[in-house]
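S.K.: Chains A and B are the protein sequences, given in the same order. Sequential numbering of the first sequence, starting at 1, is according to the UniProt record's numbering. Sequential numbering of the second sequence, starting at 1, is according to the UniProt record's numbering. A virtual CB, placed ideally from N, CA and C, is assigned to each residue, including glycine. Just passing along the structure, written as structure tokens.
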Amino acid sequence: MLEFDGLHKSFGEVRVLEGVGFTVAPGSMFGFCGSNGAGKTTTMRIAMGLVRPDAGEVRWHGRPLDQASRRRVGYMPEERGLYPKMKVGEQVAYFARLHGLDAAAATKASADWVERLGLGPRRDEQVEKLSLGNQQRVQLAAALVSRPEVLILDEPFSGLDPVGVDSLADALLGQVREGVPVVFSSHQLDLVERLCDSVGILARGRMVATGTVEELRRREAGRLLRVVVPDAAPGWADGLGGARVVSEQAGDTLLELTPDTDDQSVLGAALRTGRVTHFAWQQPTLVELFRGAVAAPSTEEVAA
Amino acid sequence: MTAPQDLSSSQLVRLVAGREVATRIRDKGFIISSVVILLVIVAAVVIQVVTGSGDEESRVGLVGGDASVVTALEAQGEALDVDVEVVELGDEAAARTAVDDEDVDGALLVGDDAELLVRESAGGTLEAIVQGAVGQLAITEQLTEAGISELDVPEVAVTALDADAAADGQRVAAAVFGVVILYSLLILFGQFIAQGVVEEKSSRVVELLLATMRPWQLLAGKILGLGLLALGQIVTIGVVAVVAALAFDIVEVPGDLISTVAIVIAWFVLGYAWYAAVFAVAASLVSRQEDLATVLMPTSMVLIVAFFIGIQAASDPGGLLARVTSYIPGLSPLVMPVRQAAGEVALWEIALAVVLMVLAIVLVVRLGGRIYSGALLRTGGKIKMREALAAERA
Numbered sequence: 001m002l003e004f005d006g007l008h009k010s011f012g013e014v015r016v017l018e019g020v021g022f023t024v025a026p027g028s029m030f031g032f033c034g035s036n037g038a039g040k041t042t043t044m045r046i047a048m049g050l051v052r053p054d055a056g057e058v059r060w061h062g063r064p065l066d067q068a069s070r071r072r073v074g075y076m077p078e079e080r081g082l083y084p085k086m087k088v089g090e091q092v093a094y095f096a097r098l099h100g101l102d103a104a105a106a107t108k109a110s111a112d113w114v115e116r117l118g119l120g121p122r123r124d125e126q127v128e129k130l131s132l133g134n135q136q137r138v139q140l141a142a143a144l145v146s147r148p149e150v151l152i153l154d155e156p157f158s159g160l161d162p163v164g165v166d167s168l169a170d171a172l173l174g175q176v177r178e179g180v181p182v183v184f185s186s187h188q189l190d191l192v193e194r195l196c197d198s199v200g201i202l203a204r205g206r207m208v209a210t211g212t213v214e215e216l217r218r219r220e221a222g223r224l225l226r227v228v229v230p231d232a233a234p235g236w237a238d239g240l241g242g243a244r245v246v247s248e249q250a251g252d253t254l255l256e257l258t259p260d261t262d263d264q265s266v267l268g269a270a271l272r273t274g275r276v277t278h279f280a281w282q283q284p285t286l287v288e289l290f291r292g293a294v295a296a297p298s299t300e301e302v303a304a
Numbered sequence: 001m002t003a004p005q006d007l008s009s010s011q012l013v014r015l016v017a018g019r020e021v022a023t024r025i026r027d028k029g030f031i032i033s034s035v036v037i038l039l040v041i042v043a044a045v046v047i048q049v050v051t052g053s054g055d056e057e058s059r060v061g062l063v064g065g066d067a068s069v070v071t072a073l074e075a076q077g078e079a080l081d082v083d084v085e086v087v088e089l090g091d092e093a094a095a096r097t098a099v100d101d102e103d104v105d106g107a108l109l110v111g112d113d114a115e116l117l118v119r120e121s122a123g124g125t126l127e128a129i130v131q132g133a134v135g136q137l138a139i140t141e142q143l144t145e146a147g148i149s150e151l152d153v154p155e156v157a158v159t160a161l162d163a164d165a166a167a168d169g170q171r172v173a174a175a176v177f178g179v180v181i182l183y184s185l186l187i188l189f190g191q192f193i194a195q196g197v198v199e200e201k202s203s204r205v206v207e208l209l210l211a212t213m214r215p216w217q218l219l220a221g222k223i224l225g226l227g228l229l230a231l232g233q234i235v236t237i238g239v240v241a242v243v244a245a246l247a248f249d250i251v252e253v254p255g256d257l258i259s260t261v262a263i264v265i266a267w268f269v270l271g272y273a274w275y276a277a278v279f280a281v282a283a284s285l286v287s288r289q290e291d292l293a294t295v296l297m298p299t300s301m302v303l304i305v306a307f308f309i310g311i312q313a314a315s316d317p318g319g320l321l322a323r324v325t326s327y328i329p330g331l332s333p334l335v336m337p338v339r340q341a342a343g344e345v346a347l348w349e350i351a352l353a354v355v356l357m358v359l360a361i362v363l364v365v366r367l368g369g370r371i372y373s374g375a376l377l378r379t380g381g382k383i384k385m386r387e388a389l390a391a392e393r394a
């Protein structure tokens with residue numbers, strides 16, 4: 001297990017993290033979401049030893065990460081970083097060596113990864129001469145070249161075109177299949193929803209929601225009911241007890257029900273207006289979950 | 001594939017140093033500057049040879065006369081500090097041709113009345129040599145005729161009051177030359193270090209590096225890697241200079257030259273360690289190459305001041321300015337070699353200067369290392385040293 005446990009961090013007066021914690025199982029992908037400035041980067045930098053936490057620790061296999069075990073972590077910083085004038089192959093090999101591979105193994109691993117990520121013909125070019133997309137691939141190669149046991153990636157998908165997104169997603173899923181726990185942060189929630197086994201939403205320095213996308217949905221589900229009644233007069237649902245109208249447009253009505261309200265009584269009321277073309281509990285998308293979690297400070301503060 | 005291993009500090013430092021050497025040695029700027037410095041040295045040696053205070057030479061043609069004339073001419077030349085080369089010529093006609101063609105500076109016709117043929121005028125030295133030789137021969141001849149074969153002429157004993165002056169002068173000249181090289185290399189490699197630090201910061205690669213090593217390991221690797229290159233360069237320069245000086249016979253006492261070169265190299269090592277650390281730490285405060293000049297300015301100024309004091313010390317090695325500055329860390333590497341070469345420095349003074357310099361290096365590495373750690377991950381404008389120190393523990 002990769003465990004982030006009770007991380008606190010202040011920069012001067014600003015309290016950035018106030019007890020951030022979540023766990024990532026080996027062979028699973030964890031999507032780390034949150035608004036800008038929520039503290040995602042700080043959390044990841046703490047894991048990499050670049051920022052010292054005021055309290056809390058990050059553990060791998062039950063032991064706190066230290067300089068030696070961090071060598072087994074592949075990391076991609078938010079601000080991409082490579083030596084601009086160093087050649088692709090040499091650069092990737094250098095990072096392999098910094099992660100503990102010997103010279104021969106590093107050269108071989110570098111050649112393998114450069115080839116696998118489609119950079120073979122660019123191996124002897126300086127990084128600064130490559131397109132941004134290709135530089136991103138070199139960055140990924142630098143993170144993967146040492147066969148890391150853990151991957152921590154800060155916004156790995158930002159700046160990639162759809163093809164680049166797909167190939168990076170494939171590479172990460174490949175790592176997950178080999179049993180590597182992968183943590184990545186992203187604003188692209190559709191991607192997180194598609195790729196991740198579990199999700200954590202960070203807001204105001206705390207985890208406001210963690211769990212599988214399914215779990216989060218279930219927690220939010222059972223509250224929003226969508227009823228489409230094309231023939232109903234506007235305001236048809238206003239008098240219903242236990243249901244609040246969230247939105248209504250030409251009979252397409254979204255209702256929020258209190259827990260003890262019987263949905264069948266709502267259906268009855270709907271049928272009385274005429275045809276009912278749609279009646280179903282709303283499955284919130286991750287975007288809606290995210291908005292709900294980030295927007296309302298008081299509700300559902302699920303700090304770990 | 002072998003399993004990845006954990007790395008010790010020295011392995012990490014070696015990896016960083018290895019990368020510095022490998023990238024720098026292929027860098028155009030580095031290659032060009034190295035070649036330029038070597039060319040400057042060769043040029044300096046050539047200029048020394050051409051304008052050099054080598055002995056005057058004179059070719060004298062000789063018609064008639066025997067070996068004693070040749071000996072007498074050469075002896076006279078030696079007394080007057082002129083290398084005399086005697087060319088034996090067949091007859092007067094040949095002598096005239098030789099003088100006309102400027103094959104010889106003058107031709108001596110030995111007969112009952114000795115005659116000196118010259119092209120325009122004899123020039124003081126040539127005439128003096130020939131006059132002296134002929135005169136001496138005549139005296140010897142007449143003495144022999146008078147029956148006196150061995151004339152006991154008392155020889156004048158010469159006691160030089162400042163016998164070392166000439167050698168001192170050469171050593172000081174060598175030391176000044178050394179200080180020029182030392183200064184150039186310190187500036188050059190200081191720039192290299194500073195650019196390297198900013199490159200890592202501006203490209204953000206430093207975040208990836210610091211995920212695998214501590215800031216001091218990165219700093220040590222960079223200073224060590226470039227230091228090896230710098231040392232290689234100054235040793236090469238030293239060897240080239242010594243070989244050239246010996247080959248062209250510029251110096252009189254080779255041992256003195258070699259010891260001066262060794263002193264300069266030793267001070268270079270101390271000076272480099274200090275300036276490289278200061279330059280690296282200063283550079284860590286900025287994130288863009290454009291801002292580099294501003295933060296390096298104070299240190300560059302110290303280096304320039306040290307350079308001029310070093311040059312000045314050559315003319316007044318025992319003066320107050322040279323004495324005081326030769327103890328001050330940062331200035332001492334450029335002043336002390338000159339004083340040592342001039343030979344007017346006590347052993348305790350050298351020891352004091354070295355100890356102070358080493359202390360200063362330790363201080364800069366420890367304090368500077370903390371500033372460097374605190375500043376590396378902060379990008380944006382220029383960071384104040386105080387902020388960097390505060391951020392180091394963050």
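Answer yes or no: do L12 of chain B and M213 of chain B have a C-beta to C-beta separation smaller than 8 Å?
M.R.: Along the second sequence, one-based indexing puts residue 12 of chain B at 12. Along the second sequence, one-based indexing puts residue 213 of chain B at 213. Their beta carbons are under 8 Å apart, which means L12 of chain B touches M213 of chain B by this criterion.
S.K.: May I ask you to verify whether the region 33-42 of chain A touches the region 185-198 of chain A, counting CB pairs closer than 8 Å and requiring at least 3?
M.R.: Yes: at least three Cβ pairs fall under 8 Å.
S.K.: Given 8 Å as the limit, is there contact between the region 99-106 of chain A and the region 31-47 of chain B, that is, 3 or more CB pairs closer than that?
M.R.: Contact fails: fewer than three Cβ-Cβ distances are below 8 Å.
S.K.: In chain A, what lies closer than 7 Å to V204 of chain B by C-beta?
M.R.: Numbered from its first residue, the second sequence carries residue 204 of chain B at position 204. Looking at the sequence itself, residue 204 of chain B is Arg, so the reference to Val does not match. Within 7 Å Cβ-Cβ: P77, E79, R80 and G81.
S.K.: Just curious, the alpha helix (DSSP H) that D5 of chain A is in, first and last residue?
M.R.: By 1-based counting over the first sequence, the position of residue 5 of chain A is 5. D5 of chain A -> not in any alpha helix (DSSP H); beta strand (DSSP E) instead, spanning L2 to F11.
S.K.: Kindly indicate which residue of A:G164, A:S131 and A:L7 has the alpha-carbon position closest to the one of I46 of chain A.
M.R.: Within the first sequence, the letter at position 46 stands for residue 46 of chain A. Ranking the options by Cα distance to I46 of chain A, first place goes to A:L7.
S.K.: So what does DSSP say about T299 of chain B, is it helix, strand or coil?
M.R.: Here the question's residue 299 of chain B lines up with position 299 in the second sequence. T299 of chain B falls in the helix class under three-state DSSP.
S.K.: Grouping DSSP H, G and I as helix and E and B as strand, with all else coil, what is K222 of chain B?
M.R.: On the second sequence, position 222 is the one that residue 222 of chain B refers to. Reduced to three states, the DSSP call for K222 of chain B is helix.
S.K.: To the nearest angstrom, report how far apart R339 of chain B and A262 of chain B are at their CA atoms.
M.R.: By 1-based counting over the second sequence, the position of residue 339 of chain B is 339. By 1-based counting over the second sequence, the position of residue 262 of chain B is 262. Their Cα atoms are separated by approximately 14 Å.
S.K.: Do we get a CB-CB distance below 8 Å when we pair S198 of chain A with the residues of chain B?
M.R.: Position 198 of the first sequence, counted from the first residue, corresponds to residue 198 of chain A. For S198 of chain A, the answer is no, since every Cβ of chain B falls outside 8 Å of its Cβ.
S.K.: Which word fits Q142 of chain B, buried or exposed, when buried means at least 16 other C-beta atoms lie within 10 angstroms of its C-beta?
M.R.: The residue labelled residue 142 of chain B in the question sits at position 142 within the second sequence. When all chains shown are included, Q142 of chain B counts as exposed.
S.K.: Can you name the start and end residues of the alpha helix (DSSP H) that Y94 of chain A belongs to?
M.R.: On the first sequence, residue 94 of chain A is found 94 positions in, with the first residue counted as 1. V88 to L98 is the span of the alpha helix (DSSP H), which, as asked, contains Y94 of chain A.
S.K.: In three-state terms, what does DSSP make of M385 of chain B?
M.R.: Translated into the one-based positions of the second sequence, residue 385 of chain B becomes position 385. Helix at M385 of chain B.
S.K.: For a contact defined as C-beta to C-beta under 7 Å, what are the partners of M48 of chain A on chain B?
M.R.: By 1-based counting over the first sequence, the position of residue 48 of chain A is 48. The answer, in chain order, is A211.
S.K.: Between R63 of chain A and chain B, is any beta-carbon pair separated by less than 8 Å?
M.R.: Numbered from 1 along the first sequence, position 63 holds the residue referred to as residue 63 of chain A. Judged by the 8 Å Cβ criterion, R63 of chain A is not in contact with chain B.
S.K.: Counting only beta-carbon atoms, is D6 of chain B nearer than 8 Å to chain A?
M.R.: The residue you call residue 6 of chain B lines up with position 6 of the second sequence. For D6 of chain B, the answer is yes, since a Cβ of chain A falls inside 8 Å of its Cβ.
S.K.: Is the CB of G54 of chain B under 8 Å away from at least one CB in chain A?
M.R.: On the second sequence, position 54 is the one that residue 54 of chain B refers to. Interpretation of G54 of chain B is limited by its pLDDT of 49, a score under 50 that renders its predicted location unreliable; no figure is taken from the coordinates.
S.K.: Can you tell me whether S259 of chain B is helix, strand or coil according to DSSP?
M.R.: Counting from one through the second sequence, the residue named residue 259 of chain B turns up at place 259. Correct three-state label for S259 of chain B: helix.
S.K.: Among A:A203, A:L144 and A:A295, whose alpha-carbon lies nearest the alpha-carbon of A109 of chain A?
M.R.: Here residue 109 of chain A refers to the residue found at position 109 when the first sequence is read from its first residue. Among A:A203, A:L144 and A:A295, the Cα nearest to that of A109 of chain A is on A:L144.
S.K.: Name, please, each residue of chain B whose Cβ falls closer than 7 Å to the Cβ of M86 of chain A.
M.R.: On the first sequence, residue 86 of chain A is found 86 positions in, with the first residue counted as 1. Neighbours of M86 of chain A on chain B, chain order: T23.
S.K.: For R386 of chain B, which residues in chain C fall below 7 Å Cβ to Cβ?
M.R.: Absence of chain C from the displayed structure is noted, the protein chains being A and B.
S.K.: For L363 of chain B, which residues in chain A fall below 7 Å Cβ to Cβ?
M.R.: Stepping through the second sequence from its first residue, residue 363 of chain B is reached at position 363. The premise fails here: L363 of chain B is roughly 25 Å from chain A at the closest Cβ pair, so nothing lies under 7 Å.
S.K.: Does any CB atom of chain A fall closer than 8 Å to the CB of R171 of chain B?
M.R.: By one-based count along the second sequence, residue 171 of chain B stands at place 171. Output row for R171 of chain B: interface = no.
S.K.: Along chain A, in chain order, which residues have C-beta atoms closer than 7 Å to that of R19 of chain B?
M.R.: On the second sequence, residue 19 of chain B is found 19 positions in, with the first residue counted as 1. Chain A residues near R19 of chain B: Y94.
S.K.: I need the DSSP call for R72 of chain A, collapsed to helix, strand or coil.
M.R.: One-based indexing of the first sequence puts residue 72 of chain A at position 72. The answer is coil: DSSP assigns R72 of chain A none of H, G, I, E or B.
S.K.: Excluding the five sequence neighbours on either side, which residues of its own chain have a C-beta within less than 7 Å of the C-beta of V179 of chain A, listed in chain order?
M.R.: Within the first sequence, the letter at position 179 stands for residue 179 of chain A. Reading off the sequence, residue 179 of chain A comes out as Gly, not Val. Excluding residues within five positions, the ones whose Cβ falls inside 7 Å are P26 and G27.
S.K.: Output the distance between the C-alpha atoms of L389 of chain B and A280 of chain B, rounded to the nearest integer angstrom.
M.R.: For the purposes of this step, residue 389 of chain B is identified with residue 389 of the second sequence, where counting begins at 1. For the purposes of this step, residue 280 of chain B is identified with residue 280 of the second sequence, where counting begins at 1. Cα-Cα distance, rounded: 15 Å.
S.K.: Go through its chain and collect everything with a Cβ distance to L38 of chain B's Cβ below 8 Å, but skip five positions before and after it.
M.R.: As a working mapping, residue 38 of chain B is identified with position 38 in the second sequence. Around L38 of chain B: T236, I237 and V240.
S.K.: Rounded to whole angstroms, what's the CA-CA distance from V295 of chain B to Q191 of chain B? Just pull it up for me.
M.R.: Here residue 295 of chain B corresponds to residue number 295 of the second sequence, with the count starting at 1. Here residue 191 of chain B corresponds to residue number 191 of the second sequence, with the count starting at 1. Distance between the alpha carbons of V295 of chain B and Q191 of chain B is about 12 Å.
S.K.: Contact check, L225 of chain A vs L271 of chain A under 8 Å by CB: the rounded distance?
M.R.: Counting from one through the first sequence, the residue named residue 225 of chain A turns up at place 225. Counting from one through the first sequence, the residue named residue 271 of chain A turns up at place 271. Contact flag wrong, Cβ pair sits at about 14 Å.
S.K.: Return helix, strand or coil for F184 of chain A, following the three-state DSSP convention.
M.R.: As a working note, residue 184 of chain A is residue 184 in the first sequence. Strand, per DSSP.
S.K.: Within the chosen definition, does the region 302-318 of chain B reach the region 169-188 of chain B through at least 3 CB pairs nearer than 8 Å?
M.R.: In short, these stretches touch, since the Cβ pair count reaches three.
S.K.: From Y372 of chain B to L82 of chain A, what distance separates their C-alpha atoms?
M.R.: Along the second sequence, read from residue 1 onward, the residue named residue 372 of chain B stands at position 372. Along the first sequence, read from residue 1 onward, the residue named residue 82 of chain A stands at position 82. So the alpha carbons of these two residues sit roughly 20 Å apart.
S.K.: For Y75 of chain A, which residues from the same chain have a beta carbon less than 7 Å from its beta carbon, with the 5 sequence-adjacent residues on both sides left out?
M.R.: On the first sequence, position 75 is the one that residue 75 of chain A refers to. So the list reads M48, A143 and I152, once near-sequence residues are dropped.
S.K.: What does a CB cutoff of less than 6 Å around D6 of chain B pick up in its chain, not counting 5 residues either side in sequence?
M.R.: Within the second sequence, numbered from 1, the residue matching residue 6 of chain B stands at position 6. Answer for D6 of chain B: no residue qualifies.
S.K.: Quick one: which chain A residues come within Cβ less than 9 Å of E207 of chain B?
M.R.: Position 207 of the second sequence holds residue 207 of chain B. Simply R45, M48, L50, Y75, P77, E78, E79 and G81.
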